[in-house]
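Novice:
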Amino acid sequence: MQPVYAQIGDEVRQSAVAHADETTHYRNTSHFWLWGLCTDQAVYMMTHYSRGKTAANALLANFDGVLVSDRHGGYNDHPAKQHQ
Numbered sequence: 007m008q009p010v011y012a013q014i015g016d017e018v019r020q021s022a023v024a025h026a027d028e029t030t031h032y033r034n035t036s037h038f039w040l041w042g043l044c045t046d047q048a049v050y051m052m053t054h055y056s057r058g059k060t061a062a063n064a065l066l067a068n069f070d071g072v073l074v075s076d077r078h079g080g081y082n083d084h085p086a087k088q089h090q
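The sequence shown runs 7 to 90 under the working numbering.
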């Protein structure tokens with residue numbers, strides 16, 4: 007499963023445009039964040055303990071396209087000229 011998961015992440019990050027969002031995710035009694043990066047072709051998801059820029063940067067990694075988001079501060083490391 008891991009190679010396919012990584013391949014989906016790579017594919018989404020190579021897109022010219024992607025949408026990102028995060029939401030709460032509870033696992034047993036622990037609180038995490040579920041992060042998603044999606045295009046019209048695929049969705050890449052990950053869980054992280056944080057809602058901050060560390061998690062956003064892990065999600066976006068080498069994504070260089072236009073980012074569509076709710077303008078959550080965690081995405082601020084992505085170049086402003088590429089925010090929608």
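The beta carbon of each residue, even a glycine, is placed where N, CA and C say it ideally should be. Every value quoted in this text rests on a predicted model; they were computed, and no experiment measured them.
On the CB-based measure, 16 or more other CB atoms within 10 Å of its CB, does H89 come out buried or exposed?
Specialist: Within the sequence shown, the letter at position 83 stands for residue 89. By the 10 Å Cβ count, H89 comes out exposed.
Novice: Please determine, among K59, N34 and V72, the residue with the shortest C-alpha to C-alpha distance to G79.
Specialist: As a working mapping, residue 79 is identified with position 73 in the sequence shown. Residue K59 is the option with its Cα nearest to G79.
Novice: Work out the CA separation of N34 and V74 for me, nearest whole Å.
Specialist: Your numbering for residue 74 matches position 68 in the sequence shown. Your numbering for residue 34 matches position 28 in the sequence shown. Looking at the two C-alpha atoms, the distance is approximately 31 angstroms.
Novice: In angstroms, rounded to a whole number, what distance separates the CA positions of Y50 and H25?
Specialist: By one-based count along the sequence shown, residue 50 stands at place 44. By one-based count along the sequence shown, residue 25 stands at place 19. Straight-line Cα distance between these residues: approximately 10 angstroms.
Novice: Can you tell me whether H37 is buried or exposed, with buried defined as 16 or more other CB within 10 angstroms of its CB?
Specialist: Against the sequence shown, residue 37 aligns to sequence position 31. Burial call: exposed.
Novice: So, N63 versus D83, is the Cβ gap smaller than 9 angstroms?
Specialist: As a position in the sequence shown, residue 63 is number 57, starting the count at 1. As a position in the sequence shown, residue 83 is number 77, starting the count at 1. Going by C-beta atoms, N63 is nearer than 9 angstroms to D83.
Novice: According to DSSP, Y81 sits in a beta bridge with which residue or residues?
Specialist: On the sequence shown, residue 81 is found 75 positions in, with the first residue counted as 1. According to DSSP, Y81 bridges with nothing at all.
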